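All remarks here apply to the structure that follows.
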Amino acid sequence: MSTAQREPIPSGVAGVSMRDLLAACAAAKVVSTPPQAPPVKRDVRRGVGERCRKVA
Numbered sequence: 002m003s004t005a006q007r008e009p010i011p012s013g014v015a016g017v018s019m020r021d022l023l024a025a026c027a028a029a030k031v032v033s034t035p036p037q038a039p040p041v042k043r044d045v046r047r048g049v050g051e052r053c054r055k056v057a
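Counting in the working numbering, the sequence shown runs from 2 upward without gaps.
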C-alpha cells in the first residue's frame, strides 16, 4: 500500500466540543493549583537580651 492510498488519520478527539474541553482544562487547573501561602510576617530585630536570656 502506497502513501497515496492510505486513509488520513483524524486529528483531535471526535465528539468533544471545544466548550467541554476548555471547561475540563479550567477545572483541572483549579483542582491542581495549591492554595496561596499566607504572607510572611517579618519580625523586628530583637536585642541580645531578648534573644538570649542567659546573657541579660
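Even for Gly, the Cβ is constructed at its ideal location relative to N, Cα and C.
This structure is a prediction, so every number in the text was calculated from the model and none was measured.
Next on the checklist: Output needed for Ala57: all residues of its chain with C-beta closer than 6 Å, excluding positions within five of it in sequence on either side, in chain order.
Outcome noted: In the sequence shown, counting from the first residue as 1, residue 57 sits at position 56. Note that Ala57 has pLDDT 46, beneath the 50 cutoff, so the model's placement of it is unreliable and the number below is only indicative. If the five residues before and after Ala57 are omitted, its C-beta is found closer than 6 Å to the C-beta atoms of Gly50, all from its own chain and listed in chain order.
Next on the checklist: Looking at the secondary structure, which residues open and close the alpha helix (DSSP H) in which Cys26 lies?
Outcome noted: Looking up residue 26 in the sequence shown gives position 25. Cys26 -> alpha helix (DSSP H) spans Met19 to Ser33.
Item to check | Alpha-carbon to alpha-carbon, Pro9 and Ala24 | outcome: Counting from one through the sequence shown, the residue named residue 24 turns up at place 23. Counting from one through the sequence shown, the residue named residue 9 turns up at place 8. The straight-line gap from Cα to Cα measures roughly 29 Å.
Next on the checklist: Taking the alpha helix (DSSP H) that Gly50 belongs to, which residues open and close that run?
Outcome noted: Taking the first residue of the sequence shown as 1, we reach residue 50 at position 49. Counting along the chain, the unbroken alpha helix (DSSP H) around Gly50 starts and ends at Val49 to Arg52.
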